[in-house]
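2 protein chains.
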Amino acid sequence: MNIGEASERSGLPSKTIRYYEDIGLIRPERGGNGYRDYAATDIHKLRFLQRSRGLGFSVEECRQLLALYEDKSRASADVKSIAEAKLSEIDRKIRELTELRHTLEHLVHACHGNERPDCPILEELSDSAA
Amino acid sequence: MNIGEASERSGLPSKTIRYYEDIGLIRPERGGNGYRDYAATDIHKLRFLQRSRGLGFSVEECRQLLALYEDKSRASADVKSIAEAKLSEIDRKIRELTELRHTLEHLVHACHGNERPDCPILEELSDSAA
DNA sequence: TATGAACCTTCCCGCAACTGGAAGGTCAAC
DNA sequence: GTTGACCTTCCAGTTGCGGGAAGGTTCATA
C-alpha cells in the first residue's frame with residue numbers, strides 16, 4: 207500500500223511517516239517504481255507510534271516502546287518503568303503549570319484593565335522577585 | 207558592564223542574552239574593544255525578559271510586553287488581555303495533561319510490572335482505540 | 001494518444017528558543 | 001611572557017515535524 211493510504215489508516219501525515227522512516231523507526235518495502243510499500247505490520251507500527259506520541263511519549267521513548275513491543279521476551283516491568291517515568295514527568299509539568307497559573311491569575315486580577323497606563327502586571331515583571 | 211556580569215545580574219545565560227540581541231530584543235552599547243556594554247536599563251529589560259519567559263510567555267509575547275512596558279501611554283487593558291490569553295492557554299495545557307495523566311495512570315495500574323512478557327500498556331498502544 | 005490531475009520521490013529550508021563548540025581577540029595577574 | 005578567564009563571531013545541533021520546489025509515475029478522460 208502506498209504512503210497515502212498508510213497515512214489514512216494510521217492517522218499520521220505522510221510527512222511524518224517519511225520522517226519516522228528517516229530516523230529509523232520503520233522500514234517499508236519499496237516497489238519497482240520506487241514508491242514505499244507498506245505492509246499490515248507497518249500500519250500496525252505506525253498506529254502504535256501515533257498512539258504513543260499522543261500519550262506524550264517522545265520519539266525516542268516511542269523507539270524504546272516499539273523495541274519492547276517487538277521483543278517477545280521483554281518483561282512488562284521494563285515497559286511499566288518507562289510509563290511511570292513519563293507519568294511523573296507529566297505530574298511535574300502539571301505542578302509547574304499550576305504554580306504559573308496562580309501567579310498569572312494573581313497578576314491579572316490585580317490589573318484594572320482600563321485605559322490608564324498603570325499596570326500591576328508590568329510592575330511585577332519589572333521590579334519585584336516573581 | 208560586560209556580558210558576564212549582565213548574565214549574573216539578570217539570571218540569564220550569556221548565550222541567551224546574545225540571542226536576545228540577535229532577535230532585536232535588546233541593543234547594548236559596544237566598548238572600544240568590541241565588548242558589549244550593558245547599562246542599568248539593559249539589565250532591567252533582561253530581568254523583565256527572564257521573569258516573563260519564566261511565566262510562560264513566548265519570546266514574541268515578551269517582545270509585545272516589553273514594547274508595552276516602554277510605551278508610557280499604553281492602557282493596562284492591553285497588557286491584561288495578553289496575560290488573560292496566556293492564562294487560558296495554560297488552563298488548556300493543564301486540562302490536556304490531566305487527561306493524559308488519567309489515561310497513562312490507568313495503563314500503569316493495569317500493568318503487573320513483573321518478569322512476565324504480557325503487558326497491558328503495549329497491548330493498548332498496539333490494538334485498541336486509545 | 002495526449003494531457004491533466006493526483007499521486008509519489010528526494011531535497012532543503014524553516015520553526016522556537018536556545019545550547020554547544022570552534023577559532024580567535026582581549027585583559028588582568030603573576 | 002604566559003596563563004587563564006574573559007570576550008567576539010559563526011556554525012551546527014536540538015525536537016518533531018511542515019512547506020514547498022523540482023521532478024517521476026499512474027490513471028482517467030478527451
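As you go down the protein sequences, you meet chains R and V in turn.
Take the first sequence: its letters are residues 207 to 336, numbered as in this note's numbering.
Take the second sequence: its letters are residues 207 to 336, numbered as in this note's numbering.
C-beta: ideal position from N, C-alpha, C; glycine also.
Original post:
Run through DSSP, which three-state label would residue 242(R) get?
Top reply: Sequence index remark: in the first sequence, residue 242(R) carries index 36 (1-based). Strand, per DSSP.
Subject >> Three-state class that DSSP yields for residue 321(V) in the structure shown >> reply: Taking the second sequence and counting its residues from 1, one reaches residue 321(V) at position 115. Note: residue 321(V) maps to coil in three-state DSSP.
Subject >> Inter-residue spacing [alpha-carbon to alpha-carbon] between residue 234(V) and residue 227(R) >> reply: Position 28 of the second sequence holds residue 234(V). Position 21 of the first sequence holds residue 227(R). Taking the straight line from one Cα to the other gives about 46 Å.
Original post:
chain R partners of residue 213(V), CB-CB under 9 Å?
Top reply: Residue mapping note: residue 213(V) aligns to position 7 of the second sequence, counting from 1. Those within 9 Å of residue 213(V) in chain R number zero; the least Cβ separation is about 18 Å.
Original post:
Can you tell which of 312(V), 249(V), 310(V), 268(V) has the C-alpha that lies nearest to the C-alpha of residue 186(V)?
Top reply: Limits of chain V in this structure are 207 at one end and 336 at the other, which puts residue 186(V) out of reach.
Subject >> Residues near residue 280(R) by beta carbon distance below 6 Å, same chain, minus five either side >> reply: Residue mapping note: residue 280(R) aligns to position 74 of the first sequence, counting from 1. Cβ within range, chain order: 274.
Original post:
Expressed to the nearest angstrom, what Euclidean distance is found between the alpha-carbon atoms of residue 331(R) and residue 257(V)?
Top reply: If you number the first sequence from 1, residue 331(R) lands on position 125. If you number the second sequence from 1, residue 257(V) lands on position 51. Taking the straight line from one Cα to the other gives about 6 Å.
**OP:** Identify the continuous alpha helix (DSSP H) that holds residue 337(V) and give its terminal residues.
**Re:** Since the displayed chain V opens at 207 and closes at 336, residue 337(V) lies outside it and no answer follows.
Original post:
Does the segment 295-310 of chain V touch the segment 215-227 of chain R, meaning 3 or more C-beta pairs lie closer than 8 Å?
Top reply: no
Original post:
Between the beta-carbon of residue 283(R) and the beta-carbon of residue 327(V), is there less than 7 Å?
Top reply: The residue given as residue 283(R) occupies position 77 in the first sequence. The residue given as residue 327(V) occupies position 121 in the second sequence. Contact flag unset, no.
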